[in-house]
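Down below is the structure, laid out as structure tokens.
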Amino acid sequence: DGGITQSPKYLFRKEGQNVTLSCEQNLNHDAMYWYRQDPGQGLRLIYYSQIVNDFQKGDIAEGYSVSREKKESFPLTVTSAQKNPTAFYLCASSIVSGDTQYFGPGTRLTVL
Amino acid sequence: QKEVEQDPGPLSVPEGAIVSLNCTYSNSAFQYFMWYRQYSRKGPELLMYTYSSGNKEDGRFTAQVDKSSKYISLFIRDSQPSDSATYLCAPPNQAGTALIFGKGTTLSVSS
């Protein structure tokens, strides 16, 4: 079964702690993306990667970091520098950048 | 002006109604558009993909693009309660590296 998986589904962290969200795909897609979704805000692009070992900042990259060491994996770290990290985080992938994106189920992060 | 704008709704209709969901865009260079459907607390799923010139039909769904007025529409015929979701339109950015998402329109279909 091909698809995108995100884990965990729900995540709780204390303020000031870094946290890493997992995203894995077995679709053999080159491009991967991270979005943040807040109520009334739509999807906002955090980072994207067009190919392994390369990634670019999106519109709201401050307080986040990523790595792309493997084609299948694009983990997102929410650092303590992110002022308002509580949100719904969505990972997506596409065959090439700018093409149709396929989304994972999302991770809901709550910082207490 | 934002690159992609959608009326957030909510839009409430009875079962069986024809629904029109709309999106306006500012960049005339956009070549294609995607419509995604997102159920509450789930990831968006691709609904339709249409080029900037013309219409596309898929079952009960029709996507229409009016390039002259930079207006995109998604029509849903014979709407069902299972169509209750948020609908997002998304053209590619100018560099072609990512999609730009509208904020989405929330639709509620009552039985």
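Protein chains in written order, with my numbering: chain A, 1 to 112; chain B, 113 to 223. Where is the CB? At the ideal position from N, CA and C, for every residue including glycine. This one's a predicted model, so the numbers in the text were calculated from it and none came from an experiment.
| Item | Value |
| --- | --- |
| Cβ neighbours of residue 165 of chain B in the same chain (closer than 8 Å, five flanking residues each side left out) | 177 and 179 |
| Beta carbon proximity, residue 169 of chain B to chain A, threshold 8 Å | no |
| C-beta atoms of residue 37 of chain A and residue 88 of chain A nearer than 8 Å | yes |
| DSSP-derived helix/strand/coil call for residue 194 of chain B | helix |
| CB contact flag (residue 120 of chain B, residue 40 of chain A, <8 Å) | yes |
| Bounding residues of the beta strand (DSSP E) (the contiguous stretch that carries residue 107 of chain A) | 107-111 |
| Chain A within 8 Å of residue 157 of chain B, Cβ atoms only | yes |
| Buried versus exposed, by CB contacts within 10 Å (16 or more), residue 96 of chain A | exposed |
| Alpha-carbon spacing of residue 198 of chain B relative to residue 210 of chain B, whole angstroms | 20 Å |
| Nearest to residue 20 of chain A (by Cα), restricted to the options A:31, A:91 and A:59 | A:91 |
| Boundaries of the beta strand (DSSP E) in which residue 64 of chain A is found, first to last residue | 64-66 |
| Per-residue contacts from residue 142 of chain A into chain B (C-beta, under 9 Å) | Outside the displayed span of chain A (1 to 112) sits residue 142 of chain A, for which this structure offers no information. |
| Alpha-carbon spacing of residue 27 of chain A relative to residue 94 of chain A, whole angstroms | 9 Å |
| Where residue 54 of chain A falls: helix, strand or coil (DSSP) | strand |
| Chain B within 8 Å of residue 65 of chain A, Cβ atoms only | no |
| Residue from B:221, B:169, B:132 and B:206 whose Cα sits closest to the Cα of residue 196 of chain B | B:221 |
| Proximal chain A residues relative to residue 161 of chain B, where beta-carbon distance stays under 8 Å | 100 |
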